[in-house]
Amino acid sequence: MSKYGCSKTDCTVAVTEKCLLSHVPVESCLHVSVTQADMMEEKLAQPRSAFPRMPVYPGNELGLKQASELFAARYGHLIGVLGAHDTGKTCLLCSLYLLASCGDLRPTRLFAGSMTLPGFESRVRLLRKWSGTGLPDKIVDHTSLADPRQPGLLHLALMETVPVSALRDFFFTDIPGEWTTDLIKRADVAERFRFLLRADSLVIAIQAPQLLETRNSQIQSARMLLQRLRDAVGIARTIPVILAITRCDVTGIVVPPAVYQIVEFARELGFSNVSHVPVASFSDRPDVPSGMGLASLLDAFLPVTAESPREADDFSDETRMFERFEFVPEAHV
Amino acid sequence: MSVPANIIFIGGPSSGKSNYLFRTWIAIERDKGRLVKNGLPDDLEYLHDGASILLDGKFAPHTSKDTRQLCQIPIALRGDPGSASMLFVPDATGELWLDLYSKREWPVQWDELVTKSCGFVLFICVGSPHNVAALDWITCERFYGSGVPPQATGVPTQVLLVEWLQILLSITKRKIGCSYMPRLSVVVTAWDRVPADRRQEDPQEYLETEFPLLAQFIRAGAHGFDAKVFGVSIVGGDLELDPEFHKEFMRSEPSNLGYSFSGTLNVTDRRGDVLTPIYWALGLEA
Numbered sequence: 003m004s005k006y007g008c009s010k011t012d013c014t015v016a017v018t019e020k021c022l023l024s025h026v027p028v029e030s031c032l033h034v035s036v037t038q039a040d041m042m043e044e045k046l047a048q049p050r051s052a053f054p055r056m057p058v059y060p061g062n063e064l065g066l067k068q069a070s071e072l073f074a075a076r077y078g079h080l081i082g083v084l085g086a087h088d089t090g091k092t093c094l095l096c097s098l099y100l101l102a103s104c105g106d107l108r109p110t111r112l113f114a115g116s117m118t119l120p121g122f123e124s125r126v127r128l129l130r131k132w133s134g135t136g137l138p139d140k141i142v143d144h145t146s147l148a149d150p151r152q153p154g155l156l157h158l159a160l161m162e163t164v165p166v167s168a169l170r171d172f173f174f175t176d177i178p179g180e181w182t183t184d185l186i187k188r189a190d191v192a193e194r195f196r197f198l199l200r201a202d203s204l205v206i207a208i209q210a211p212q213l214l215e216t217r218n219s220q221i222q223s224a225r226m227l228l229q230r231l232r233d234a235v236g237i238a239r240t241i242p243v244i245l246a247i248t249r250c251d252v253t254g255i256v257v258p259p260a261v262y263q264i265v266e267f268a269r270e271l272g273f274s275n276v277s278h279v280p281v282a283s284f285s286d287r288p289d290v291p292s293g294m295g296l297a298s299l300l301d302a303f304l305p306v307t308a309e310s311p312r313e314a315d316d317f318s319d320e321t322r323m324f325e326r327f328e329f330v331p332e333a334h335v
Numbered sequence: 165m166s167v168p169a170n171i172i173f174i175g176g177p178s179s180g181k182s183n184y185l186f187r188t189w190i191a192i193e194r195d196k197g198r199l200v201k202n203g204l205p206d207d208l209e210y211l212h213d214g215a216s217i218l219l220d221g222k223f224a225p226h227t228s229k230d231t232r233q234l235c236q237i238p239i240a241l242r243g244d245p246g247s248a249s250m251l252f253v254p255d256a257t258g259e260l261w262l263d264l265y266s267k268r269e270w271p272v273q274w275d276e277l278v279t280k281s282c283g284f285v286l287f288i289c290v291g292s293p294h295n296v297a298a299l300d301w302i303t304c305e306r307f308y309g310s311g312v313p314p315q316a317t318g319v320p321t322q323v324l325l326v327e328w329l330q331i332l333l334s335i336t337k338r339k340i341g342c343s344y345m346p347r348l349s350v351v352v353t354a355w356d357r358v359p360a361d362r363r364q365e366d367p368q369e370y371l372e373t374e375f376p377l378l379a380q381f382i383r384a385g386a387h388g389f390d391a392k393v394f395g396v397s398i399v400g401g402d403l404e405l406d407p408e409f410h411k412e413f414m415r416s417e418p419s420n421l422g423y424s425f426s427g428t429l430n431v432t433d434r435r436g437d438v439l440t441p442i443y444w445a446l447g448l449e450a
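As they're listed, the protein sequences go chains R and U. All residue numbers for the first sequence refer to our numbering, where the first residue is 3 and numbers rise by one. All residue numbers for the second sequence refer to our numbering, where the first residue is 165 and numbers rise by one.
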């Protein structure tokens, strides 16, 4: 008999020491308990001066199964954040976190929690960078603080205070830019994006200065990405697709005209809810505030239109999680 | 009735946990509040030594990194002998809480205390040199521009405070279930050090300006705790920085000094009883 027990009826952790939800170590599962008798034995086995401790959730980023557990508890808005390397995806998330952290989303939005608070904090401090080599080719669960940065999800809960009080759980993808460029080049990479069939919104980050300097190739890349998302990944064409035009402080908040061509192409592909938002995550200019555009981005995630079928009530407990979309993707194409 | 009896004090180094514990013991020992002693603890050394330092007009020094105390205080509700119970309060260095954030390790001994009879008290000390300010936009703009991460600062205090609460809630859910809502007192200690023009504020307002992440987290109300914010001064003044108050303290009955309160000026519940955060955490006050 092992020292573990579990509140989930199907879990055999007490016998197998394997968590039903695949947590490693199993103590990190919210449902698993360690029996007191064994705790005492462990305590006695420790040197007298030791102060035995047990692990808690890592907090850096979430894997799909970990996010699914949270989705099961309450509805979560999955936001796919795509874009090539150095387009400002991480900056955008850090800026959003800093807005919440400093209270700059008040009074209409309040920070209400984050299961990846250390993950945000280390990213803001530029302490959690991609290792560059050996990155997993899919999102895996994160079990240890010592894990290097891996593709995953960052969680941010915001309480909207107007027009009525409403809790919104956002789960932002944190994936390397190489994934986006790989998807443009090869259709077989689409498999790793399959979890995005559950997405509530997509953000495609494009640098404003690059749209001015290398306009034609940027438009081409954006067109290819949108077509891949529709044809190879099978993204629902009804979800909001938002072009985040980053580094707009550099261009003086001028939105490059090329943006409108990309928006038009997305609509031609059938995406019915396409918009663009100029963003300055961290501004170099005194006349452009840092965090500019982030509140509009949040607004764009939650469109209140009759065309948007993806409201929380549309999902049963089962379909709120990822598994359904992994096994029956065509249901939402 | 039987008094629910586990209290876990949460806070970093020099946040006021130990001094509040010693002041709590003085209040219980002198029968000053709704909780009174029901005999003396078998092992009184830690509480007695700490209370003696406080009674001699000094704040207790920083708790040693090796300190791992589980204080057991026999208590009862005033006027209700049938309520006799034992109050368990672990006290340890704030570095243990820093480890909870950075190493993601939780003491097994404390895990055993997380039951339906467990309340939590979170400590934030006004003006503590250990408080780390949150990153501000100017700092971020500077280092995002240069690409050089800031080296000198640690994790902001407000981030630690929120993360500790989130971890504690995950532990509570694991041990008791998702529907259980534990009591939480958020205590702003050393309230006497708040600038005079802000001393009449609601402690929640103080958090809104000084620790906005924590303040929002509390106010949003999605944290899973039944929470209330208090301001506390354990002796009613500053024994270290105010020599006049120190003299007054040494002439007075210490158990009559100090206060705790919650709410705004108009509805302030400022009373001499410093134990109101304990009452709230134990569910003794609605």
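Built from N, CA and C at the ideal position, the CB exists for glycine as well. As the structure is a prediction and not an experimental result, all values here were calculated from the model.
In angstroms, rounded to a whole number, what distance separates the CA positions of ARG287/R and VAL252/R? Within the first sequence, numbered from 1, the residue matching residue 287/R stands at position 285. Within the first sequence, numbered from 1, the residue matching residue 252/R stands at position 250. Taking the straight line joining both Cα atoms gives about 8 Å.
Should MET386/R go down as buried or exposed, given a rule of 16 or more other Cβ atoms within 10 Å for buried? With chain R covering only 3 through 335, there is no way to say anything about residue 386/R.
Does any residue of chain R have a CB that is nearer than 7 Å to the CB of ARG362/U? The residue you call residue 362/U lines up with position 198 of the second sequence. The C-beta of ARG362/U comes no closer than 7 Å to any C-beta of chain R.
Could you list the residues in the region 317–330 of chain U with a C-beta less than 8 Å from some C-beta on chain R, going in chain order? Residues of the region 317–330 of chain U with a C-beta less than 8 Å from any C-beta of chain R: VAL319, PRO320, GLN322, VAL323, VAL326, GLU327 and GLN330, listed in chain order.
Counted within 10 angstroms of its Cβ, other Cβ atoms place HIS87/R as buried (16 or more) or exposed: The count along the first sequence starts at 1 and reaches residue 87/R at position 85. Flag for HIS87/R reads exposed.
Can you have a look at VAL256/R and say buried or exposed, based on whether 16 or more other CB atoms are within 10 angstroms of its CB? Translated into positions along the first sequence, residue 256/R becomes position 254. By the neighbour-count rule (16 or more Cβ atoms within 10 Å), VAL256/R is not buried but exposed.
Interface residues of chain U facing PRO60/R [CB-CB closer than 9 Å]: Against the first sequence, residue 60/R aligns to sequence position 58. Under the 9 Å cutoff, chain U gives ARG268.
So does the region 386–394 of chain U actually touch the region 342–360 of chain U, counting three or more Cβ pairs closer than 8 Å? Yes, the region 386–394 of chain U is in contact with the region 342–360 of chain U.
Around the C-beta of GLN364/U, are 16 or more other C-beta atoms found within 10 angstroms, so that it is buried, or is it exposed? In the second sequence, residue 364/U corresponds to position 200, counting from 1. That one is exposed.
Could you compute how far the alpha carbon of ALA297/R sits from the alpha carbon of VAL83/R? By one-based count along the first sequence, residue 297/R stands at place 295. By one-based count along the first sequence, residue 83/R stands at place 81. If you draw a straight line from the Cα of ALA297/R to the Cα of VAL83/R, it comes to about 16 Å.
So which residues on chain U does SER292/R lean against when the C-beta distance must stay under 8 Å? Here residue 292/R refers to the residue found at position 290 of the first sequence. Neighbours of SER292/R on chain U, chain order: TRP301, CYS304 and GLU305.
Listed by chain order, chain U residues near PHE53/R by CB distance under 7 Å: Locating residue 53/R in the first sequence gives position 51, where the first residue counts as 1. Within 7 Å of the CB of PHE53/R, the CB atoms of chain U belong to ARG232 and PRO271, in sequence order along the chain.
Let's test the definition: count the other Cβ atoms within 10 Å of the Cβ of ASN62/R and tell me whether it reaches 16, buried, or not, exposed. Locating residue 62/R in the first sequence gives position 60, counting from the first residue. With 16 or more other Cβ atoms inside 10 Å of its own Cβ, ASN62/R counts as buried.
Helix, strand or coil at GLY154/R [DSSP, three-state]: Indexing the first sequence from 1 puts residue 154/R at position 152. DSSP places GLY154/R in the strand class (E or B) of the three-state scheme.
With three or more C-beta pairs closer than 8 Å as the rule, is the region 412–425 of chain U touching the region 171–178 of chain U? The answer is no - the region 412–425 of chain U does not touch the region 171–178 of chain U, with fewer than three Cβ pairs under 8 Å.
Measure from the C-beta of GLN380/U to each C-beta in chain R and report whether the shortest distance is under 7 Å. One-based indexing of the second sequence puts residue 380/U at position 216. With 7 Å as the cut-off, GLN380/U counts as an interface residue toward chain R.
By a C-beta neighbour count over all protein chains shown, 10 Å radius and 16 as the cutoff for buried, is SER30/R buried or exposed? Working through the first sequence from its first residue, we reach residue 30/R at position 28. By the 10 Å Cβ count, SER30/R comes out buried.
ARG232/U by DSSP, collapsed to three states: which one? In the second sequence, residue 232/U corresponds to position 68, counting from 1. Strand at ARG232/U.
Nearer than 6 Å: is that true of the beta carbon of PHE287/U relative to any heavy atom of the ligand GTP? The model depicted lacks the ligand GTP and carries no ligand whatsoever.
Contact defined as beta carbons within less than 8 Å: I believe ILE171/U pairs with GLY283/U. What is the distance between those atoms, to the nearest angstrom? In the second sequence, the residue the question calls residue 171/U occupies position 7. In the second sequence, the residue the question calls residue 283/U occupies position 119. The Cβ separation is near 5 Å, so the contact holds.
9 Å Cβ cut-off: residues of chain R touching HIS226/U: Taking the first residue of the second sequence as position 1, residue 226/U is located at position 62. Residues of chain R with a Cβ closer than 9 Å to the Cβ of HIS226/U do not exist, since the nearest Cβ in that chain sits about 18 Å away.
From GLN220/R to PRO242/R, what distance separates their C-alpha atoms? Here residue 220/R corresponds to residue number 218 of the first sequence, with the count starting at 1. Here residue 242/R corresponds to residue number 240 of the first sequence, with the count starting at 1. PRO242/R has its alpha-carbon roughly 21 Å from the corresponding atom of GLN220/R.
With H, G and I counted as helix, E and B as strand and the rest as coil, what does DSSP make of MET250/U? The residue given as residue 250/U occupies position 86 in the second sequence. Strand.
Quick check: is the beta carbon of PHE113/R nearer than 7 Å to any beta carbon in chain U? Locating residue 113/R in the first sequence gives position 111, counting from the first residue. Judged by the 7 Å Cβ criterion, PHE113/R is in contact with chain U.
For PRO376/U, would you say it is in contact with chain R, using Cβ-to-Cβ distances shorter than 7 Å as the test? Locating residue 376/U in the second sequence gives position 212, counting from the first residue. For PRO376/U, the answer is yes, since a Cβ of chain R falls inside 7 Å of its Cβ.
Delimiting residues of the beta strand (DSSP E) encompassing SER122/U: As shown, chain U starts at 165 and ends at 450. That puts residue 122/U outside it, with no answer to give.
Using the beta-carbon of each residue, which ones in chain U are nearer than 8 Å to VAL126/R? Reading the first sequence from its first residue, position 124 is the one you call residue 126/R. Within 8 Å Cβ-Cβ: LEU299 and CYS304.
Report the rounded CA-to-CA distance for LEU213/R versus LEU204/R, giving the unit in angstroms. As a first step, residue 213/R is located in the first sequence; it is residue number 211 there, counting from the start. As a first step, residue 204/R is located in the first sequence; it is residue number 202 there, counting from the start. Distance between the alpha carbons of LEU213/R and LEU204/R is about 19 Å.
Please say whether SER274/R and ARG239/R have beta carbons closer to each other than 7 Å? Within the first sequence, residue 239/R is the residue found at index 237, counting from 1. Within the first sequence, residue 274/R is the residue found at index 272, counting from 1. Going by C-beta atoms, ARG239/R is nearer than 7 Å to SER274/R.
Apply the 10 Å Cβ neighbour rule to MET250/U and answer buried if 16 or more other Cβ atoms are within range, or exposed otherwise. In the second sequence, residue 250/U corresponds to position 86, counting from 1. Its Cβ having fewer than 16 others within 10 Å, MET250/U is exposed.
Contact check, ALA384/U vs ALA114/R under 8 Å by CB: the rounded distance? The residue labelled residue 384/U in the question sits at position 220 within the second sequence. The residue labelled residue 114/R in the question sits at position 112 within the first sequence. Going by Cβ atoms, the distance from ALA384/U to ALA114/R rounds to 4 Å, so yes, they are a contact pair.
Relative to the C-alpha of PRO238/U, which candidate in PRO293/U, GLN322/U, GLU193/U and ASP213/U has its C-alpha closest? Counted from its first residue, the second sequence places residue 238/U at position 74. For the residues PRO293/U, GLN322/U, GLU193/U and ASP213/U, the minimum Cα distance to PRO238/U belongs to GLU193/U.
Return no unless some Cβ of chain U is closer than 7 Å to the Cβ of GLY254/R. By one-based count along the first sequence, residue 254/R stands at place 252. No - not a single Cβ of chain U is within 7 Å of the one on GLY254/R.
Buried or exposed for VAL166/R, going by 16 or more other Cβ atoms inside 10 Å? Counting from one through the first sequence, the residue named residue 166/R turns up at place 164. By the neighbour-count criterion, in which a residue is buried when 16 or more other Cβ atoms sit within 10 angstroms of its Cβ, VAL166/R is exposed.
Could you tell me whether any Cβ in chain U is nearer than 7 Å to the Cβ of GLY105/R? By one-based count along the first sequence, residue 105/R stands at place 103. Interface annotation, GLY105/R: in contact with chain U, CB-CB separation under 7 Å.
Between the C-alpha atoms of ALA234/R and PHE195/R, what's the straight-line distance to the nearest angstrom? In the first sequence, residue 234/R corresponds to position 232, counting from 1. In the first sequence, residue 195/R corresponds to position 193, counting from 1. Answer to the nearest angstrom: the Cα atoms are 9 Å apart.
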